[in-house]
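Asks: Let me begin by handing over the structure; questions about it come next.
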Amino acid sequence: HKINDSVYHLMRGEIFDFEGKKFLAFGGARSHDIDDGILSWEDFDTQEQFKETVRKWRKQRRVFRINHVSWWAEELPSDEEIQNAENNLAKVDYQVDYVISHCAPQSIVSWLMGGYTQPDKLTMYFEDLAQRLNFKNWFFGHYHDDRKIIGKFILLYDQIVRII
């Protein structure tokens, strides 16, 4: 979606042409800071019970999110969004110049995390896609660092990179 002449909302699975370069955009990532769960106010009889549980969990330093406040089910793509990406990639013979995503293929995530990571639907899809896709660079950010990883993969956090 074009917001104005210099701002675009890049939708999952869409391919964009900027100055003759093709970009696959595919946002989303599994929250990795929800070890203790996801609280939802709908699971409590009263709002006060919910608030008290949140206070208690924070005091206990539990790692959790709150549904529709700090966590959304849509953080991972739907099957339809993945199929849309596949349809769009088929139209360009699986050749793009750049991939822009939030998370990375599973092998890159495993390398970054020293093997301590749980695969999910999106990192596994990206793992498969990286093998089938012809691309120059894959930019991603979810892991809060700046570095080039294993050739074509570039992790960005604070750094700004001019692509075109």
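Anchor point for the sequence shown: position 59 equals 40 in the working numbering, and the numbering is continuous, going up by one each time. For glycine and all other residues, C-beta sits at the position ideal for the given N, C-alpha and C. None of the values given here were measured: they were computed from a predicted structure.
Sorted by chain position, which residues of the same chain lie with C-beta nearer than 8 Å to isoleucine 15's C-beta, five sequence neighbours on each side aside?
Replies: Counting only Cβ-Cβ distances below 8 Å, and skipping sequence neighbours, we find Val44, Phe45, Arg46, Trp52.
Asks: Would you tell me roughly how many angstroms separate the C-alpha atoms of tyrosine 217 and lysine -17, rounded to the nearest one?
Replies: Here the chain comprises residues numbered -18 to 145, so residue 217 is not present and cannot be evaluated.
Asks: Straight-line CA distance for leucine 18 to threonine 34?
Replies: The question names leucine, yet the displayed sequence has glycine at residue 18. Cα to Cα, the separation comes out at about 12 Å.
Asks: Could you tell me the boundaries of the alpha helix (DSSP H) in which phenylalanine 107 lies?
Replies: 102 to 113
Asks: What does the alpha-carbon distance come out to for the pair isoleucine 144 and isoleucine -4?
Replies: 16 Å
Asks: Taking the alpha helix (DSSP H) that lysine 32 falls in, what are its first and last residues?
Replies: 28 to 40
Asks: Using only the alpha-carbon positions, how far apart do isoleucine 131 and lysine 37 sit?
Replies: 43 Å
Asks: Helix or strand or just coil, what does DSSP make of lysine 2?
Replies: In the structure shown, lysine 2 falls within a strand segment according to DSSP collapsed to helix, strand and coil.
Asks: Just verifying my parser: in three-state terms, what is the DSSP assignment at valine 50?
Replies: In the structure shown, valine 50 sits in coil (DSSP, three-state: anything other than H, G, I, E or B).
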